[in-house]
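Order-wise, the sequence lines are chains P and R. According to my numbering, numbering within the first sequence proceeds without interruption in unit steps and concludes at 292. According to my numbering, numbering within the second sequence proceeds without interruption in unit steps and concludes at 392. All residues carry an ideal CB built from backbone N, CA and C; glycine is no exception. Below: the structure, in structure tokens.
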Amino acid sequence: MKIYRCVSCAEATLVPPAICSKCMHDEFELGYGSTQGVLISFTTIRRAPAGINLTSPYHVCVVEMTDGLRVTGVLEFGDSEPELGQSVYELRQDGMQIHFSSSPNH
Amino acid sequence: MSRVFVAGIGSTTFGKHDGTSIEHLAVKAAAFAIKDAQVDRSDIGALYLGNFVSGPLNGKEVLAGIVADRLGLNNIPCTKVEGACASGGIAFRHAYLAVSSGSVDAAIAIGVETMTHAKTPQTTAALNCAMDHEYDSPSGLTFPGLFGLAWRMHSQRYGTTRDEVAAVVLKNKRNGLRNPLAQMGAEITIDQICSSAMICDPIQLYDCCPTSDGAAAVVVISERLMRQLGPFRKVPFVEALSSIQTRGSSRIAGHRDLVSFDATVSAAAMALQSAALSPAQIDLVELHDCFSIAEIIDSEDLGLVPRGQGGKWVMEGRTAVDGDLAINPSGGLLAKGHPVGATGVAQVYEVVKQLRHEHPNQVQNARTGMTHNLGGTGVACTVSIFRGIDT
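Here is the structure:
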């Protein structure tokens, strides 16, 4: 996934920030973060909020990436229901919407 | 710093108030509180109004000044405060600060919301304004979804069961039956809860608080004014020992741990320290059970129940009105209702009724009480502590 790294303190963020919340520097370089992470938790949204480009039911997850960045994303199940703590894999990024798969063979 | 006393409280019922304007509800609750306080309107030096969604759902703003106008208050500063579902708690804290700082002898905090006239997608969109739109909204997350994430983790880490979480609903619905202000008190069964519609796994319909209309108000006064009014009063004063506001992460992925809200942990620690009390000295708490699992997490975050034991405590009846620590004897948000901007002030109303020993669902010998109000994804929190006193 695309990440923005502060050129002063190397703090990484997903959204291009106005300033770095850690050191207040205002220059960032675009880079790429890890594509694998650990599933912290997930839930299934049965009724989508207005304006979202997803069809319910869909699964939302919190993932801790290998490089330490924690992100909220959309989870696509493999063959079985995933377990917390298992590895998940980045599938694609649509703007700020990051899709993960719970299967390594996605 | 002046000591702060709650002199008067007022509330409307929570539920559907079809055809009643938001101003009208706020004015009703405020008028009850002013009469209950037996202060003169000219004594009130500041007004704080907690409200979250009057803009998107009613097309109305500057409510604080409008309500003061209808109440016939003086030319005083009138401020609307917003902190999502913690708006009411923040309004109370500002009134507390205005008095404790010595800048006024009396202040009024009002909380109000009307929601039931709106269609569900409109309400969901309005409440979702409190999400971090840059980080969390793109994933399609909702507020029940946040607590679904937390529940799954709590179950995995501590073994919290569906029946334990359902016990929160059973208790609060039962408490609500004994509160005439409550919207949805009921005697229900575990089967009803577990067969209700799935909302955001594992959260089902009965695990969610309703949308509500309602208002509550509280008049706080200085020690000087309390001494002046004391001889003429029949009802006891309640002292506000502390009122703390904190901030947590605005991003869901920014929380250190999804089964705990940092803002609650720090607010409770500071409020207890400021009140010079230990958790064991708290007799009852009105806490932010927007979802059933939230009550379990909050009770642990507040330091009132050991970490991971929240489910067991409710199952064993230790948080019932006659238990070791009464949690949400009002029925809480689950049964009393959750007119979002009103909730934080209404919690103070409930605790003060308990400490005056005039609550219809009375906690026996209640001396100290706590309120806990949480906003957004845990980004805003208030905790306040109260003690009953005799004049």
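Check your understanding: Does the beta-carbon of E287 of chain R have 16 or more other beta-carbons within 10 angstroms, so that it is buried, or is it exposed?
Key -> buried
Point to revise | Whole-angstrom distance between I231 of chain P and T392 of chain R, CA atom to CA atom | key: Reliability of the predicted coordinates at T392 of chain R is poor, the pLDDT of 48 falling under 50, and the value obtained from them is presented with this limitation in mind. The straight-line gap from Cα to Cα measures roughly 53 Å.
Point to revise | Any C-beta of chain R under 7 Å from that of I189 of chain P | key: no
Exercise for review: Check whether the stretch 300 to 309 of chain R touches the stretch 93 to 113 of chain R, counting contact only when three or more Cβ pairs, one atom from each stretch, lie closer than 8 Å.
Suggested key: no
Check your understanding: Can the beta-carbon of L26 of chain R be found closer than 7 Å to that of A216 of chain R?
Key -> yes
Practice item. Decide if D41 of chain R is buried, meaning its Cβ has at least 16 other Cβ atoms within 10 Å, or exposed. Key: exposed
Point to revise | Counted within 10 angstroms of its Cβ, other Cβ atoms place C209 of chain P as buried (16 or more) or exposed | key: exposed
Review point. Going by the beta-carbon positions, is the gap between E276 of chain P and F263 of chain P smaller than 7 Å?
Key: no
Review point. Helix, strand or coil: which one does DSSP assign to T392 of chain R?
Key: The predicted position of T392 of chain R is uncertain, since its pLDDT is 48 and thus under 50; a value taken from the coordinates is nonetheless stated next. The answer is coil: DSSP assigns T392 of chain R none of H, G, I, E or B.
Point to revise | Residue-chain proximity (H221 of chain P, chain R), Cβ-Cβ < 7 Å | key: Before going further, note that residue 221 of chain P is Thr rather than His in the sequence given. No - not a single Cβ of chain R is within 7 Å of the one on T221 of chain P.
Review point. Where does the unbroken beta strand (DSSP E) through K172 of chain R begin, and where does it stop?
Key: Premise fails: K172 of chain R lies in the alpha helix (DSSP H), R163 to L178, not in any beta strand (DSSP E).
Exercise for review: Measure how close the beta-carbons of A87 of chain R and T383 of chain R come, nearest whole angstrom, since I'm counting them as under 8 Å.
Suggested key: 6 Å
**Study point:** G219 of chain P, buried or exposed, once every other Cβ within 10 Å from all chains shown has been counted against 16
**Key:** buried
Review point. Mind pulling the chain P residues with CB within less than 7 Å of D202 of chain R?
Key: T229 and T230
Check your understanding: How is the beta strand (DSSP E) around D280 of chain P delimited, first residue to last?
Key -> S273 to D280
Exercise for review: Rounded to whole angstroms, what's the CA-CA distance from G149 of chain R to R94 of chain R? Just pull it up for me.
Suggested key: 30 Å
Exercise for review: Name, going along the chain, the residues of the stretch 259 to 281 of chain P whose beta-carbon falls closer than 7 Å to a beta-carbon of chain R.
Suggested key: G259, V260, L270 and G281
Point to revise | Nonlocal neighbours in the same chain, by C-beta distance under 6 Å from P202 of chain P, ignoring five residues either side | key: Y190
Review point. What residues in the stretch 137 to 149 of chain R have a beta carbon less than 7 Å from any beta carbon of chain C?
Key: Given the protein chain composition of this structure (P and R), no chain C is represented.
Review point. Buried or exposed: N362 of chain R, going by 16 or more other Cβ atoms within 10 Å of its Cβ?
Key: buried
Check your understanding: Quick one: does the C-beta of V40 of chain R sit closer than 6 Å to a heavy atom of the ligand GDP?
Key -> With respect to small molecules bound, the structure shown includes none, and the ligand GDP cannot be examined in it.
**Study point:** Proximity winner among R:D214, R:P139 and R:C130, relative to K29 of chain R (alpha-carbon distances)
**Key:** R:D214
Practice item. Name the two residues that bound the continuous beta strand (DSSP E) containing A218 of chain R. Key: G215 to S223
Practice item. Taking all protein chains shown into account, decide if G146 of chain R is buried (16 or more other Cβ within 10 angstroms of its Cβ) or exposed. Key: buried
Point to revise | chain R residues whose Cβ lies nearer than 8 Å to that of L293 of chain P | key: Because chain P is modelled from 187 through 292, residue 293 of chain P falls outside the range shown and cannot be assessed.
**Study point:** CB contact below 7 Å: V246 of chain P versus chain R
**Key:** yes
Practice item. State yes or no: is the beta carbon of A204 of chain P nearer than 7 Å to at least one beta carbon in chain R? Key: no
Check your understanding: Bridge partners of N291 of chain P, per DSSP?
Key -> Its beta-bridge partners do not exist; DSSP assigns none.
Check your understanding: My guess is that V380 of chain R and S250 of chain R are in contact by the Cβ rule of under 8 Å, so how many angstroms apart are they, rounded?
Key -> 7 Å
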